[in-house]
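Number of protein chains: 2
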Amino acid sequence: VNTPQPATEPAASAIRTVAVIGLGLLGGSLAKCVHNRTETPGVRVIGWARRSETRQFAIENDIVDAVSDDVIEACELADLAVIATPVDRIADYAIQIAAACPGILITDVGSTKLRIVEAVNQTPAAQRFVAAHPIAGSEKTGIEHAFGELFCDKPIVITPSGNEQPGAIAAVEQFWKSTGGRTMHLTPRQHDDLLAITSHAPHLISSLVARQVPAEAIGMVGTGWLDTTRIAAGDEALWTAIVSENRTAILAALTAAQKDLTHLIHIVQDSDDESLAEFLRTARLIRQRASNG
Amino acid sequence: VNTPQPATEPAASAIRTVAVIGLGLLGGSLAKCVHNRTETPGVRVIGWARRSETRQFAIENDIVDAVSDDVIEACELADLAVIATPVDRIADYAIQIAAACPGILITDVGSTKLRIVEAVNQTPAAQRFVAAHPIAGSEKTGIEHAFGELFCDKPIVITPSGNEQPGAIAAVEQFWKSTGGRTMHLTPRQHDDLLAITSHAPHLISSLVARQVPAEAIGMVGTGWLDTTRIAAGDEALWTAIVSENRTAILAALTAAQKDLTHLIHIVQDSDDESLAEFLRTARLIRQRASNG
């Protein structure tokens, strides 16, 4: 007799084991999300971290099913590797993992995309690498701040290279959707140009604002300053690497900001209250649209 | 018989009725704080607001004991008037209230101090005006966002003019302490110079960061950008008035920021990662000290 067949399962259901390479805030949060969620019971999470303390923390806090101190060993049984290291090491790991693990799919969480995709494109890894950037994070770093809901309702940008094998993008995209995020597609260059404006240059400018405060005024800052400079508490090594990977677009964004600052200084100097109100109103409308969006 | 006398009451205990002039976020929060707190039962709060809807909201939500549509009438029975209007109207109200209400003490919440104190100093009001700035606020405006704990643990800067009558500063300072804030003293000029750096210029730069985002990228902003630009949602009329009152110090702060931005652009252009890490580290250390302070 013909028994009813289940509808074709989406490709991501083939992902039974996920290797998370790098267990910082993002990798730790992703591991927690996948390991603990109820919608995908039975998906195993293997974590790799450089430091033994981090691996131990991941096991003791039930963030992963298992750990390894070797990237390739962590990936050996995995259907998908998610690379969550600093951006300047992502391409190398993707290439190594693809070479050692036949059939594995690979994605990442890096906040820059163009140089990573270009480097992977030079190798056969390009067929199985689907570059991604979940726009989620915190000024806090480290697995001890990981939380499984970090990706909920966050934009997750997929930046296809055009060299992916059939089905790879769909499978990885469905994996990312399962974290609760909202996926969207951009080219790597579009991504990097926009992120320079929405994230990388704002990070540097937030640091710049923090730097202006002399020691005697630190006790006098208000909640406005604390909000504006929150990301300035971030890790400088991570951000130095991001600037290095997206230097051209960041320079363009900083130069645009410099031009607008010169415009602002002229407005203030000239007591041109109408232009100042317009300057502030433009900003308010964009900020309000972003909150509501 | 001799009954035991209570210890001498501090001067502020003589404040039985407070007039709050302007019922926006700050005035409304102050009214709520004084009217509802249990430590000072029996202190009456009279509110003045330009708009009848605001006065009605204040009564219906039990934020004040009574309202008036006339500033002088609101102050007639008060021991203390707190002026919580936009900064460009504070000096005029202080002078009018002092002229009409003998014996009343006057303070304010303005985020600029020098021009207000200088204007009041031209008049007899100087004897009874104790300028203050509670460093508390929000990007939200209006009495509907008022909350009585707004001042808890916030710095409240008192900027004496030197012309106050004996006891006036102590009485007003104790009133401010009773809101839960931490008072400190600065000269009006010190205050304005520091606030330009910690609040006024950061506000403008936060708006500048918000302005850089093109429409198509609004859906892609992350929590970092949302934090950095939170205050850019503030009311442009209030901030245009603040810039007008503290123009020179704000220009100096913006010019210092411009110089640091040029430095940053050179660092990024030259791929000088060591200087970039140092730039970010300086910022992080100041930001971390501010959080812990």
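So the protein sequences, as listed, match chains R and B.
Counting from 105, one number per residue, gives the positions in the first sequence under the working numbering.
Counting from 105, one number per residue, gives the positions in the second sequence under the working numbering.
The beta-carbon is built from N, C-alpha and C at its ideal position, and this holds for glycine as well.
In chain order, what residues of the same chain have a beta carbon less than 7 angstroms from the beta carbon of residue i, not counting five sequence neighbours either side?
{"i": "R/THR107", "result": "Residue placement at R/THR107 is flagged as unreliable, the pLDDT there being 47, under the threshold of 50; a coordinate-derived value is accordingly withheld."}
{"i": "R/ILE346", "result": "VAL191, SER215, THR216, HIS304"}
{"i": "R/ASN140", "result": "GLY252"}
{"i": "R/GLY128", "result": "ALA188, THR245, GLY246, ILE247"}
{"i": "B/ASP169", "result": "HIS139, ARG148, VAL149, ILE150"}
{"i": "B/TRP343", "result": "HIS307"}
{"i": "B/LEU384", "result": "none"}
{"i": "R/ALA250", "result": "LEU129, GLY132, SER133, LYS136, ILE167"}
{"i": "B/GLU113", "result": "Here B/GLU113 scores only 39 on pLDDT, less than 50, and its place in the model is too uncertain to base an answer on."}
{"i": "R/SER348", "result": "ASP192"}
Take the Cβ of residue i as the centre, count every other Cβ of all protein chains shown within 10 Å, and call the residue buried at 16 or more, exposed below.
{"i": "R/ALA111", "result": "For R/ALA111, the predicted structure reports a pLDDT of 41, less than 50, and the residue's modelled location is therefore unreliable. A value from the coordinates is still provided. Burial call: exposed."}
{"i": "R/ASN396", "result": "exposed"}
{"i": "R/ASP296", "result": "buried"}
{"i": "B/PRO306", "result": "buried"}
{"i": "B/LYS363", "result": "exposed"}
{"i": "R/ASN350", "result": "buried"}
{"i": "R/ASP212", "result": "buried"}
{"i": "B/ARG388", "result": "buried"}
{"i": "R/GLN109", "result": "Since pLDDT at R/GLN109 reaches only 43, below the 50 mark, its modelled position is unreliable, and the value read off the structure follows with that caveat. With fewer than 16 other Cβ atoms within 10 Å, it is exposed."}
{"i": "B/CYS256", "result": "exposed"}
{"i": "R/LEU380", "result": "buried"}
{"i": "B/ALA203", "result": "exposed"}
{"i": "B/GLY326", "result": "buried"}
{"i": "B/HIS237", "result": "buried"}
{"i": "R/ALA319", "result": "exposed"}
{"i": "R/PRO259", "result": "buried"}
Who are the neighbours of residue i on chain B, taking C-beta pairs under 9 angstroms?
{"i": "R/GLU340", "result": "LEU380, ALA381, GLU382, PHE383, LEU384, ARG385, ALA387, ARG388"}
{"i": "R/ARG351", "result": "VAL372, GLN373, SER375"}
Which chain R residues sit within Cβ distance under 8 angstroms of residue i?
{"i": "B/VAL261", "result": "MET324"}
{"i": "B/TRP280", "result": "Residues of chain R passing the Cβ test: none, with the nearest at roughly 15 angstroms."}
{"i": "B/ALA337", "result": "ARG388, ARG391, GLN392, SER395"}
{"i": "B/ILE369", "result": "LEU355, LEU358, THR359, GLN362"}
Name the chain R residues that come within less than 7 angstroms of residue i, Cβ to Cβ?
{"i": "B/ARG393", "result": "ILE322"}
{"i": "B/ASP377", "result": "THR344, SER348"}
Can you list the residues of chain B that residue i reaches, using a CB-CB cut of under 8 angstroms?
{"i": "R/ILE239", "result": "MET324, VAL325, GLY326"}
{"i": "R/ALA235", "result": "In chain order: nothing, as chain B lies at least about 15 angstroms away."}
{"i": "R/TRP329", "result": "THR302, SER303, PRO306, ALA394"}
Short of 6 angstroms in beta carbon distance, which residues of its chain neighbour residue i, apart from the five on each side in sequence? Order them along the chain.
{"i": "B/ALA415", "result": "The question about residue 415 of chain B has no answer, for chain B in this structure spans 105 to 397."}
{"i": "R/ALA195", "result": "ILE220, ALA223, VAL224"}
{"i": "B/GLY126", "result": "ALA188, THR189"}
{"i": "R/ASN301", "result": "According to the sequence displayed, residue 301 of chain R carries Ile and not Asn. Closer than 6 angstroms at the Cβ level, and outside the excluded window around R/ILE301, lie ALA357."}
{"i": "R/SER172", "result": "TRP152, ALA178"}
{"i": "R/PHE283", "result": "It should be pointed out that residue 283 of chain R corresponds to Thr in this sequence rather than to Phe. Once the five neighbours on either side are set aside, the close Cβ partners of R/THR283 are CYS137, PHE255."}
{"i": "R/ARG159", "result": "ALA153, VAL171"}
Could you work out which residues of chain R lie near residue i, taking near to mean beta carbons separated by less than 9 angstroms?
{"i": "B/TRP343", "result": "LEU380, ALA381, LEU384"}
Applying a beta-carbon distance threshold of less than 7 angstroms, which residues of chain B neighbour residue i?
{"i": "R/ASP196", "result": "None at all; the shortest Cβ gap to chain B is about 18 angstroms."}
{"i": "R/VAL347", "result": "VAL372, LEU380"}
{"i": "R/THR333", "result": "ARG391"}
Short of 8 angstroms in beta carbon distance, which residues of its chain neighbour residue i, apart from the five on each side in sequence? Order them along the chain.
{"i": "B/GLN200", "result": "VAL175, ILE176"}
{"i": "R/ILE273", "result": "VAL234, ILE262, PRO264"}
{"i": "R/ILE119", "result": "VAL147, ASP183, LEU184, LEU209, ALA275, PHE279"}
{"i": "R/GLN269", "result": "GLN231, ARG232"}
{"i": "B/ALA361", "result": "ALA305, ILE309"}
Below 8 angstroms, how does it come out for the segment 261–271 of chain B and the segment 142–156 of chain B: are there three or more Cβ pairs, yes or no?
Three or more beta-carbon pairs separated by less than 8 angstroms are not found between the segment 261–271 of chain B and the segment 142–156 of chain B, which leaves the two stretches without contact.
At least three beta-carbon pairs within less than 8 angstroms, the segment 274–294 of chain R to the segment 329–345 of chain R:
Judged by Cβ distances under 8 angstroms, the segment 274–294 of chain R makes no contact with the segment 329–345 of chain R, as fewer than three pairs qualify.
Anything in the segment 295–316 of chain B with a Cβ closer than 8 angstroms to a Cβ of chain R? List those residues in chain order, please.
Correct list: LEU298, LEU299, ILE301, THR302, SER303, ALA305, PRO306, HIS307, LEU308, ILE309, SER310, SER311, LEU312, VAL313, ALA314, ARG315, GLN316.
Short of 9 angstroms Cβ to Cβ, which residues in the segment 355–366 of chain B face chain R?
If the cut-off is 9 angstroms between Cβ atoms, the segment 355–366 of chain B has LEU355, ALA357, LEU358, THR359, ALA360, ALA361, GLN362, ASP364, LEU365, THR366 near chain R.
Using a beta-carbon distance cut-off of less than 7 angstroms, what residues from the segment 118–134 of chain R approach chain B?
If the cut-off is 7 angstroms between Cβ atoms, the segment 118–134 of chain R has nothing near chain B.
When the Cβ atoms of the segment 312–325 of chain R are set against those of the segment 279–288 of chain R, are three or more pairs found closer than 8 angstroms?
With the cut-off at 8 angstroms, the segment 312–325 of chain R and the segment 279–288 of chain R do not touch.
Cβ pair count under 8 angstroms reaching 3, the segment 326–333 of chain R against the segment 327–336 of chain B:
A contact exists between the segment 326–333 of chain R and the segment 327–336 of chain B.
With 8 angstroms as the C-beta to C-beta threshold (strictly closer), list the residues of the segment 200–221 of chain R near chain B in chain order.
Listed by position, the residues of the segment 200–221 of chain R near chain B (Cβ gap below 8 angstroms) amount to none.
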